[in-house]
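Going by this note's numbering, the residue at position 124 of the sequence shown is 197; the numbering climbs one at a time, nothing skipped.
Encoded as structure tokens, the structure appears first; notes follow it.
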Amino acid sequence: MNNALTVSKLTKTYPDFVLDQVSFSVPSGSIVGLIGENGAGKSTTINAALGLIQKEAGHVSILGSERLDCGVKEEIGVVFDGSNYPEILTPKKLNGVLKRIYRSWDETAYFQLLKQFSLPLDKQIRQFSKGMKMKLAISAAFSHHARLLILDEATSGLDPVIRDDILDMLLDFIQDEDHSILLSSHITSDLEKIADYIVFIHEGHVVFSKPKDELIEQYGIIKCGAAQFDALDKADILAYRKMDCEWQALVADREQMQKKYPKAMVVPASIDEIMLLYVKGEKK
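Rendered as structure tokens:
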């Protein structure tokens, strides 16, 4: 399987944080969701992969190339959480700027997206709300025929209707198997809808990189009292925590656990619950 993006043992050290040998891939024709708590290293990973900050070690291959030259940059669409463009510009003036930057700039597609998102052509970007700025950035990212989209919290600040429209756009984008998406998001319900794979970063380390369906269909949570929890084989438990009235234990195969512990309540685990148990729970 070809990868649109391969990150291998990526390392970056700060005084109070270390991105420690992060490795994962974005297969061509797929959407990969990047999750983790604030400060886990998601944005650092994206910035290092794009060459925006200097990595100390590791390798990054984008669209088959380890060199991030102009030809490769042309085929990457990037949306960051925050303002992406000079705020003194208007969307109409931004079109003129981007037309000179991207050889493949599609002016017609750009203005169609602005209309779809009800964005004013002649209003300065600094007067836009956060949601409007995000819609503008997404419009630009979709308008130069990129093969790889890298989106850092691209659906934050958007109302549910617009968010759903953008998720549909992302799904349409990858119908051509030459297109791929890396989507960092705190909104794990969005990733449950559209992602093919989930990469979970915690404290600068990759906890897992797995197909989303495996997480949703196989992972589970054992909910039980103290006596029942003490009787569990701790080798079966990925993480656990004590709640007000019960213990919760994360397991990788809920069907097998239900057979092994027939009197226990074993329920499906959402991506959000998996992440919370890893972050807030204790490890075996």
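In this text, a Cβ means the ideal position worked out from N, Cα and C, and glycines have one as well.
Query                                                                                                       : Result
Residue environment, residue 176, which counts as buried when at least 16 other CB atoms sit within 10 Å    : exposed
Proximity of residue 210 and residue 148 at Cβ, strictly below 8 Å                                          : no
Assigned exposure category for residue 111 - 16 Cβ within 10 Å defines buried                               : exposed
Backbone CA spacing between residue 237 and residue 181 [nearest angstrom]                                  : 23 Å
8 Å Cβ cutoff met for residue 84 and residue 130                                                            : yes
Residue 104 and residue 267 closer than 8 Å at C-beta                                                       : yes
Inter-residue Cα distance where the pair is residue 142 and residue 124                                     : 10 Å
Between the CA atoms of residue 241 and residue 150 - distance to the nearest angstrom                      : 17 Å
Inter-residue spacing [alpha-carbon to alpha-carbon] between residue 183 and residue 117                    : 29 Å
Residue 89 (DSSP reduced to helix, strand or coil)                                                          : coil
C-beta atoms of residue 102 and residue 247 nearer than 8 Å                                                 : yes
Under the three-state DSSP convention, the category residue 143 falls into                                  : helix
Per DSSP, the bridge partner or partners of residue 234                                                     : Paired residues: none, contrary to the question.
First through last residue of the alpha helix (DSSP H) which encompasses residue 211                        : 203 to 214
Strand pairing of residue 149, partner residues [DSSP]                                                      : 221
Among 215, 171, 350, 315, nearest to residue 244 - alpha-carbon criterion                                   : 215
Burial state of residue 86, where buried means 16 or more other Cβ atoms lie within 10 Å                    : exposed
Nearest to residue 225 (by Cα), restricted to the options 293, 278, 92, 256                                 : 256
Inter-stretch contact (C-beta, 8 Å, three-pair minimum) for the region 291 to 298 and the region 267 to 282 : no
Three-state class that DSSP yields for residue 102 in the structure shown                                   : coil
Simplified DSSP assignment, three categories, for residue 256                                               : strand
First through last residue of the beta strand (DSSP E) which encompasses residue 314                        : 312 to 315
Nearest residue (CA-CA) to residue 276, options 97, 113, 250                                                : 113
Residue 283 - DSSP class collapsed to helix/strand/coil                                                     : strand
Contact belief for residue 99 with residue 258 at Cβ below 8 Å, rounded distance in angstroms               : So it is not a contact: roughly 14 Å between Cβ atoms.
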